[in-house]
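J.: I'd like to ask you about the structure that follows.
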Amino acid sequence: MKHEHACRALLLAAVALAPAAAQADDATLSGDWGGARTRYLDAGVNFRGDYVSETFANVSGGRARGSTYAQQLRLGADLDMARIAGWSGTTLHFTVNDRRGAGVSADYIGNRLPVQEVYGGPYTRLSEASIEQNLLAGRLNLRLGFFAMGNDLGGMILGCQLVNAAFCAHPLSMSGNSGWYNYPNARWGAAVRYRLRPDLLLRTGVYQDNPHLGDRDNAFRPFAAGTAGMMLPLELEYAPGAAPQDAALPGHYKLGVFYDTARAKRQGETGTVNGRYGVYLLADQTILRQERGRGLAVFGQFTANPKASAQITRWYAAGLVKTGTFAGRDADTLALGVVQAQVNPRLRDAAAATAASAASAADADTGGYAARPAGETVVELSYGVQPRRWLGVRADVQYVVDPGAFGYRATRNALALGTQLRIAF
C-alpha cells in the first residue's frame, strides 16, 4: 500500500511538471471550470481544495531504516453572505479534511517531532463549520463555531517553508502540553480579533477542551461528549510594515499566554493539577527586501510551560528563509531551521527511577537519570520550487538529534530525506 501511494505521488508530480496547458497561469490546477468558478465567486461562493503529499525515508540512525508516504486532501467552501443574503461582513466557512499514509517518525525513527507535517489522524473528518463577522470597518473580527483554535492563534506561516511539524505552523509544546489544538482538529469556540491600530492586533477567545473530539469515531460528531474544560488564550501581535505607507520591512511579533481549565495528570508524580498554562513568543522579520518578491527573512520561537503539567517545559526554534535563489528563480525558497524541545526533568527522573527499580531485580545498570537525553533537536534544510502558481515541490533533509528523548532512551541520531508536493485545485 505504501508503494502504491508513493507511485501515485510521483504520477501527480509528473503530470504537474508536464508542459503548461492554456491555463498554466491560473492559481489552481482545475482552472476556472469553463467560467463556472468565476460565476460562483461572483455569486458569493468560493470553492477551495488542496492536496499535500510527503514521502520520506530514514536512511540512518533511529530505530530502523525505512520509508513512508503521508498525504492530506482538503476540500471546503467560503460563503460571502453579503452577496448571498445581504448580511454585510459575514462569511460562512466549511472544511473537510482527509489524511492517509504512515509516518516515518512513528514507524522508523521513534522521535517526538514529526518529520512529516501532514501525518496524523489518518481518516476523514469535519475540520470547520463556522461563521465569521467583521465589524467596525474591519477593525473587529468575530468567529463562532466548530474550528481549529490554531487558525487564529499562535501560528507562524513562514515556518511552513519547512516540512517538520515542529516548524509548520505552531510550536508543538502548545498542543502537547494542554488542550490547545491545531488544524485539522476542530473544537467549539468563539474567537475575537481586534485591530488596535494598523500594525497592532489583539486576539483572544474561549475554546472547548474536549480530547474525545480527536477520536476517529467522532470525526463527524462535533457534539460528542467529553468536554474537560475551556482554553482561554490572549495574544498580542505587532506587525511592522502592515500599516499603509509604512516603509518598515514586514514582520510579525507575537506574545501570548493561555490557560486551560481542565484537570490533568501531574507530570512525573502522583495526583492531578487543576489547570495548565503556558507562555510563548514568536517572531519573524524580513531583513532584506529586493525586487520581484525576493528577500531574506529570519524567525525565532520560545515557549515555557510549568513542570507540574507539561511534557515539554522549554521550546526553542530559529531559522531563516531566502526567497529568490538563483537567476530566474524568483519564487524558489531556501529554508534552514533548528528546533529543540526539552523533556520535563520530572519525567526523566521518574523514568530513571522506574528503570532502576526494575533493574535492581535483574542486577543490571540502566545508566540512571544522566543517561537519558534532556531533549530532542531537529535541524532541517529545505529547497522549494514553484513551477506553477498552483504547484509547489520541495526537497528536504532533516537531522534528528536524540530521537529517543521523549521515550526516555538513548537512540542513534537519525537522518531523513524526502520530498513534499503541494497542489491547489
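For the sequence shown, my numbering begins at 7 and goes up steadily by one. Yeah, the Cβ is synthetic: ideal placement off N, Cα and C, and Gly gets one too. Note that the structure is a prediction, hence the values are computed from the model and not measured.
1. Answer with buried or exposed for Gln78, where buried requires no fewer than 16 other C-beta atoms within 10 angstroms of its C-beta.
2. Within this structure, are the beta carbons of Ile429 and Asp86 separated by less than 8 Å?
3. From Arg203 to Trp194, what does the alpha carbon distance come to, in whole angstroms?
4. Between Leu168 and Ala324, is the Cβ-Cβ spacing less than 8 Å?
5. Which of the three DSSP states is assigned to Asp221 in this structure?
6. Taking the runs of the alpha helix (DSSP H) that are 4 residues or longer, which of them lie wholly in the stretch 393 to 431?
7. Measure the alpha-carbon distance for Thr331 versus Thr339 and round it to whole angstroms.
8. Rounded to whole angstroms, what is the Cα-Cα separation between Ser179 and Tyr322?
9. Would the beta-carbon of Asp266 fall within 8 Å of that of Gly277?
10. Report the rounded CA-to-CA distance for Gly211 versus Asn147, giving the unit in angstroms.
11. So, for Tyr125: in the same chain, excluding its five sequence neighbours on each side, which residues have a beta-carbon less than 6 Å away from its beta-carbon?
12. Quick check: what's the CA-CA separation for Ala28 versus Arg54?
13. Starting from the C-beta of Ser73, find all residues in its chain whose C-beta is less than 6 Å away, skip the five residues before and the five after it, and write them out in chain order.
14. Please look up how many angstroms separate the CB atoms of Gly165 and Ala175, rounded, as I've assumed it's under 8 Å.
15. How far does the alpha helix (DSSP H) with Thr44 in it reach, from first residue to last?
16. So, at 7 Å on beta carbons, what are the nonlocal neighbours of Gly101 in its own chain, with the 5 sequence-adjacent residues on each side left out?
17. To which residues does DSSP link Phe152 through a beta bridge?
18. Span of the beta strand (DSSP E) holding Met162?
19. Just to confirm the assignment, what range does the alpha helix (DSSP H) spanning Ile90 have?
20. Would you list the one or two residues that DSSP bridges to His99?
21. Would you list the residues sitting across from Gly126 in a DSSP beta bridge?
22. When you compare the stretch 296 to 310 with the stretch 348 to 357, are there three or more beta-carbon pairs, one atom per stretch, that lie closer than 8 Å?
23. From this set, Tyr244, Gly235, Gly182, which residue's C-alpha is nearest Leu207's C-alpha?
24. Exposed or buried, what is Trp186 when buried is set at 16 or more other beta-carbons lying within 10 Å of its beta-carbon?
25. Quick check: what's the CA-CA separation for Asn191 versus Thr130?
26. I'd like the span of the alpha helix (DSSP H) that includes Leu178, first residue to last.
27. To the nearest angstrom, how far is the alpha carbon of Thr319 from that of Asn311?
28. Measure how close the beta-carbons of Gln307 and Met162 come, nearest whole angstrom, since I'm counting them as under 8 Å.
29. Considering Cα atoms alone, identify which of Tyr283, Arg335, Asn170, Arg106 is closest to Arg222.
30. Pick out whichever of Gln214, Ala333, Val407 has its Cα sitting closest to the Cα of Gly232.
31. CA-CA distance, Gly5 and Ala143?
T.: By the coordinates alone:
1. Counting from one through the sequence shown, the residue named residue 78 turns up at place 72. Gln78 comes out buried.
2. The sequence position of residue 429 within the sequence shown is 423, counting from 1. The sequence position of residue 86 within the sequence shown is 80, counting from 1. Their beta carbons are not under 8 Å apart, which means Ile429 does not touch Asp86 by this criterion.
3. On the sequence shown, residue 203 is found 197 positions in, with the first residue counted as 1. On the sequence shown, residue 194 is found 188 positions in, with the first residue counted as 1. Spanning the two alpha carbons is a distance of roughly 29 Å.
4. Position 162 of the sequence shown, counted from the first residue, corresponds to residue 168. Position 318 of the sequence shown, counted from the first residue, corresponds to residue 324. No; because the gap between Cβ atoms is not below 8 Å, this pair is not in contact.
5. Stepping through the sequence shown from its first residue, residue 221 is reached at position 215. Looking at Asp221 - three-state DSSP - the assignment turns out to be coil, as it is neither helix nor strand.
6. Runs of alpha helix (DSSP H) with 4 or more residues, each lying fully within the stretch 393 to 431, are absent.
7. As a first step, residue 331 must be located in the sequence shown, where it is residue number 325. As a first step, residue 339 must be located in the sequence shown, where it is residue number 333. Near 7 Å, if we compare the C-alpha coordinates of Thr339 and Thr331.
8. Here the question's residue 179 lines up with position 173 in the sequence shown. Here the question's residue 322 lines up with position 316 in the sequence shown. Ser179 and Tyr322 have their alpha carbons spaced roughly 10 Å apart.
9. Sequence index remark: in the sequence shown, residue 266 carries index 260 (1-based). Sequence index remark: in the sequence shown, residue 277 carries index 271 (1-based). Going by C-beta atoms, Asp266 is not nearer than 8 Å to Gly277.
10. The residue given as residue 211 occupies position 205 in the sequence shown. The residue given as residue 147 occupies position 141 in the sequence shown. Straight-line Cα distance between these residues: approximately 11 Å.
11. Taking the first residue of the sequence shown as position 1, residue 125 is located at position 119. Same-chain partners within the cutoff: Ala76, Gly109.
12. Counted from its first residue, the sequence shown places residue 28 at position 22. Counted from its first residue, the sequence shown places residue 54 at position 48. Below a pLDDT of 50, predicted positions are generally treated as unreliable, and Ala28, at 38, falls in that range; no measurement from the model is reported.
13. Counting from 1 along the sequence shown, the entry for residue 73 is found at position 67. Cβ neighbours of Ser73 beyond the five flanking positions: Ala63.
14. The residue you call residue 165 lines up with position 159 of the sequence shown. The residue you call residue 175 lines up with position 169 of the sequence shown. Confirmed, about 5 Å.
15. Your numbering for residue 44 matches position 38 in the sequence shown. 42 to 49 is the extent of the alpha helix (DSSP H) around Thr44.
16. In the sequence shown, counting from the first residue as 1, residue 101 sits at position 95. Before going further, note that residue 101 is Thr rather than Gly in the sequence given. Excluding sequence neighbours, Thr101 sits near Arg80, Gly82, Ser133, Glu134.
17. As a working note, residue 152 is residue 146 in the sequence shown. Answer by DSSP bridge pairing, in chain order: Ala135, Trp194.
18. Residue mapping note: residue 162 aligns to position 156 of the sequence shown, counting from 1. Careful: Met162 lies outside any beta strand (DSSP E) and carries neither H nor E.
19. The count along the sequence shown starts at 1 and reaches residue 90 at position 84. Counting along the chain, the alpha helix (DSSP H) containing Ile90 begins and ends at 87 to 91.
20. If you number the sequence shown from 1, residue 99 lands on position 93. Bridge partners of His99: Asp84, Ser136.
21. Along the sequence shown, read from residue 1 onward, the residue named residue 126 stands at position 120. DSSP output for Gly126 lists no bridge partner at all.
22. no
23. Here residue 207 is taken as the residue at index 201 of the sequence shown, counted from 1. For Leu207, the nearest C-alpha among the options comes from Tyr244.
24. Your numbering for residue 186 matches position 180 in the sequence shown. Buried, by the Cβ-count rule.
25. Taking the first residue of the sequence shown as 1, we reach residue 191 at position 185. Taking the first residue of the sequence shown as 1, we reach residue 130 at position 124. Between Asn191 and Thr130, the C-alpha separation is close to 11 Å.
26. Along the sequence shown, read from residue 1 onward, the residue named residue 178 stands at position 172. Leu178 -> alpha helix (DSSP H) spans 178 to 182.
27. Locating residue 319 in the sequence shown gives position 313, where the first residue counts as 1. Locating residue 311 in the sequence shown gives position 305, where the first residue counts as 1. Taking the straight line from one Cα to the other gives about 5 Å.
28. Position 301 of the sequence shown, counting from 1, holds the residue named residue 307. Position 156 of the sequence shown, counting from 1, holds the residue named residue 162. Here Gln307 really is in contact with Met162; their C-beta atoms are around 7 Å apart, less than 8 Å.
29. For the purposes of this step, residue 222 is identified with residue 216 of the sequence shown, where counting begins at 1. Looking at the Cα atoms, Arg106 is the closest of the given residues.
30. Numbered from 1 along the sequence shown, position 226 holds the residue referred to as residue 232. Of the candidates Gln214, Ala333, Val407, the one whose C-alpha sits nearest the C-alpha of Gly232 is Gln214.
31. Within the shown structure, residues of the chain are numbered from 7 to 431, placing residue 5 beyond reach of any answer.
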